[in-house]
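Residue numbers (full-length UniProt numbering), protein chains in the order written: chain S, 1 to 589; chain A, 1 to 589.
Virtual Cβ for every residue (Gly too), placed ideally from N, Cα, C.
Encoded as structure tokens, the structure appears first; notes follow it.
Listed below in structure tokens is the structure:
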């Protein structure tokens, strides 16, 4: 039967052997105490919690779902107890500042724990994820009084957080939103509006829900430059920190969704509720966006986590399920003997392991951005993160969904029924391609904003890093055969990049039309880079298990032979431009 | 709000202008009366029935699902009434022989109606589809007595059919099945066994369910050569044709599935029930497989139908939903203005319309196989159908699912919730990649059996037909630019075909590893061929609506520029062979 085991060994290989985080953390004064031993034990413990407490609630939570009873959201059986255990163990405050009760651990550790949460129970994982996001926005922009009032209880998990952005007519285009906020005499605001798709909008797991709501103040400019951010607690907090009266916030409905059934996605009504502004007037979107990189990395990791869970089940099934014959084995064989099944499993693994490496690489850049003493390094790291954020968010959720679908296919009919859990992974993984900015929006962000960020320095530096690895790889017998196809793919990527920045594809429609294929190409090259780095880390003489080394080399070869060839197609597709797409009148589609 | 409109105009374009069925049917004595006017009115009426009766039950049926109450399966509200209306209008017997109450219409008409059934209500469409499949097997193999007893009521829809093949340990490998049949004194058999994943296994919509059950007779050889086929009615039929006692058949459980919730997929127990052998002893699989081509074409069409339904909603939404700005239009624009949304819609349409053309092409070959007076033409047509069956089944469901996912993405968050119906299409479409032989099995069938069928004549003839079109296209100004990339892709396809048949990729593991990519490449070239044929049919001087001509040309160009480039990648991936896939020991995955 299906199970979930946190991939701690692979995570430690990345941290220790591929990225040598011990050297990176040594340069970060606040992090230099966090050695590999500490990190390993944190990951082991987190993995245990996820396997033993959260994973068993995953299927049951999907079946039971959330209910809205007399205005109160009921989460599935066991969720409230799991939240309590999670919070009491301090998992919610892993990367939060120590002054508010957190442990100030690196993002890199945080995000690997997020992968485990996502793989074992995505619906549950969104509660701490959104709470952390709200905390980060409050910490970065709110007044000290608000921080002191709200952060300790949010970090400890006594209260949770929610982000209220989307409205019925304002999704990808938040500039259209209509919620309003009018000032009160005491400096607080009256917030009015209706929001949809609000994850963790209400529930029965914690004492209070702290909503961050986007709304317009009187005389605000139209569009995105007239949006402010407000903190609106479900239950008002008294001056002494105790809970007071109920605020005028209510759940309009629970959305009926394809998946993440144990996650209460709410229609929320803010009926003249009391709120406090976070940050500057009309600068609400900017305040929200300071934590967007982290949120989008988190969503990308959701795609990765669910894909890994699906792959684990597919692999276990493929080893046990006896069907058919194969040329080299006697009698009926486990289906893993069939080349096509092996191909399917390797297609999943060659994505998952490279994606995990990209996550670690990006999270380390976030740690440098936050903790490095050198301002130039901080800035460069931040720009690199900005560049990679849309890639991670979209590619890990797109490929992650495809991997979950492949993992379902390995089980045949058994993948379509509830019993093995594979169909839930597909339904759950699907949301990550949509929320926190659809993958189409991510691709636009990459092509339109990120390629030209800082005059194109970040993207040039990124490609230069890959070239550097290729140069190193050329001298290593195991890595050199991988470097060759990757170099060719990088040539294609650089070629279309130049054309998109300032060449024949730099027109707005051409960029818009190219974006999704371009992001995919960018991701493939990035995954290929990670594979070369992983194989380099497996160089002879490294004290690594032979099984890991063999597996990495095989998966790397597979990636270059059976996945990376798509780069050529993508480059051709991008090169076609938008002409034929734009020429057709709307009504003739 | 979402709706479904049967694509009758596009169907008639294919029948009349692209394939000129009037000329083909004129050569088939039994079909020459069926002119375009008759066919058009049948399609119009069927479309009306699907839009007005079946589509409104689709979402409600998904939500309500089927229930098992005291051993009896209850279908959702309205399904029984719809079945009655469907049967009374004669839709179930469209292509059935007139001697049993059918209308003996061409497969080509039948399959287009199947597309509408699938697009409007896939769960419902499986009832007539499986009944037809059972009728075809009975008609081809059963004794006259069985035919006379069962076919009239099955054709009229008073009774329905079900196919019981799969067991818990025998799915893709039916040779492992364990159900048994022992002879009775009266010539009938006692059938015992448990079957899973039985679509339409039981329900409350018709008076009887006729099960075709695969089982082993005493002393049967092991494997697939020891399987016989039995007709086991849920309720025994008296000599006078009236219903008698309940047979020993019971529903063990309803499967909990990802989608097609309104379709009762049953665990069926045959507890020593009475059955009658259909066909020869130990030749049951062969009997089942005579109707497999038709069944697999039907499943392929399911992928197409659901994709089209999803595309219709996505298109309607894209025209209405106002978000963002675009370079050439003032103010907030409908999202169809954005190049990426247009690209997404065209990716769906360029698949859907080409797939529909492939379906018509293949169904016409089935009609030739059945109705043509010339035995050589019948045989050639049959071989062509055999070649194309796995391609249609797998490619239309794979690409169909991808299209449904794309259609969901167009709606952003609104695609993930139930309201717009897009998430149901994704869940429903997913099954078609699995049942009736998984798409992996289809690919194996194509590469291992179909390429070498009749010494490779069918595949060579198929490619020759494409070359012929390319030669014609070269002289037409609109088609010539499409012929060039298609010719290059065909070169690649022919190249790997030769290598898979008798070259460096002809080893069993290489073929097995190549199969899925090869089928996809084969399908892309086939779709490209259809696009060239459609554009040729739009040649200047044809009396076609300008809107249709413009649309077809744009979609064809899009396909060549933005979809067909994948051919290069697939050819490279296939060329890699199975070496790196097979080398890794099972335990190191």
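One alpha carbon belongs to residue 413 of chain A, the other to residue 434 of chain S, and they sit about 6 Å apart.
Within a 10 Å sphere around the beta-carbon of residue 364 of chain S sit 16 or more other beta-carbons, which makes this residue buried. In the three-state reduction of the DSSP assignment, residue 24 of chain A falls in the helix class, which pools H, G and I.
Residue 69 of chain S: member of the beta strand (DSSP E) spanning 67–69, first to last residue.
Assignment of beta-bridge partners to residue 216 of chain S by DSSP yields S:180. For residue 512 of chain A, the residues of chain S that pass the 7 Å Cβ criterion are 338, 339, 340, in the order they occur in the chain. Interface annotation, residue 317 of chain A: not in contact with chain S, CB-CB separation never under 9 Å.
Bounds of the beta strand (DSSP E) holding residue 233 of chain A are 228–233. Minimum Cα-Cα distance from residue 87 of chain S among the listed residues S:99, S:127, S:178 corresponds to S:127. In this structure residue 245 of chain S is exposed. Its beta-carbon is surrounded by fewer than 16 other beta-carbon atoms within 10 angstroms. Inclusion of residue 554 of chain S and residue 584 of chain A in the CB contact set at 9 Å is warranted, their separation being smaller than that value. Bridge pairing for residue 270 of chain S: S:193, S:249 [DSSP].
In the DSSP assignment, residue 119 of chain A falls within the alpha helix (DSSP H) that extends over 107–141. Nearest to residue 421 of chain A by alpha-carbon distance, out of S:268, S:257, S:483, is S:257. For the 9 Å CB-CB criterion, residue 489 of chain A and residue 499 of chain A do not form a contact. For the stretch 488–516 of chain A, the set of residues with a beta-carbon nearer than 7 Å to any beta-carbon of chain S comprises 508, 509, 512, 513, 515, 516, in chain order. When only Cα atoms are considered, residue 59 of chain S and residue 260 of chain S end up about 10 Å apart.
Taken in chain order, the complete alpha helix (DSSP H) segments of 4 residues or longer contained in the UniProt domain "Acetyl-CoA dehydrogenase-like C-terminal" (463–585) of chain S are 480–502, 508–537, 546–562, 566–575, 579–583. Here residue 432 of chain A has 299, 302, 303, 397 as same chain residues with Cβ atoms under 6 Å from its own Cβ, once five neighbours each way along the sequence are excluded. Put simply, the CB of residue 203 of chain A is far from chain S, with every gap to its CB atoms at 9 Å or more. By alpha-carbon distance to residue 567 of chain S, the top candidate from S:487, S:280, S:168 is S:487.
Taking all protein chains shown into account, residue 280 of chain S has fewer than 16 neighbouring C-beta atoms within 10 Å of its C-beta and is therefore exposed. In this structure, DSSP gives residue 158 of chain S a state outside helix and strand, which the three-state scheme calls coil. Beta bridge pairing from DSSP links residue 283 of chain S with S:227. Look at residue 95 of chain S here: in three-state DSSP terms it is coil, with no helix or strand label.
Short of 7 Å from the beta carbon of residue 247 of chain S, and not among the five residues preceding or following it, lie these beta carbons of its own chain, in chain order: 232, 233, 234, 235, 236, 273, 274. Here residue 25 of chain S has 31, 32, 34 as same chain residues with Cβ atoms under 6 Å from its own Cβ, once five neighbours each way along the sequence are excluded. DSSP, read as helix, strand or coil, puts residue 460 of chain A in helix. The continuous stretches of alpha helix (DSSP H) do not include residue 73 of chain A, which lies in the beta strand (DSSP E) extending over residues 72–74. Contact annotation: the stretch 509–527 of chain A touches the stretch 440–452 of chain A, with at least three C-beta pairs closer than 8 Å. Between residue 181 of chain A and residue 189 of chain A a beta carbon distance of about 4 Å is seen, short of the 8 Å cut, so the two are scored as contacting. Chain-ordered, the chain A residues with CB closer than 8 Å to the CB of residue 257 of chain S read 416, 417, 418, 423. Here the C-alpha atom of residue 312 of chain A lies approximately 32 Å from the C-alpha atom of residue 384 of chain A. With respect to the 9 Å criterion, residue 43 of chain S and residue 8 of chain S are classified as neighbours on the basis of their beta carbons.
Between residue 28 of chain S and the set S:330, S:15, S:372, S:338, the nearest pair of CA atoms involves S:372. Around the Cβ of residue 389 of chain S, a 10 Å sphere holds 16 or more other Cβ atoms; the residue is buried.
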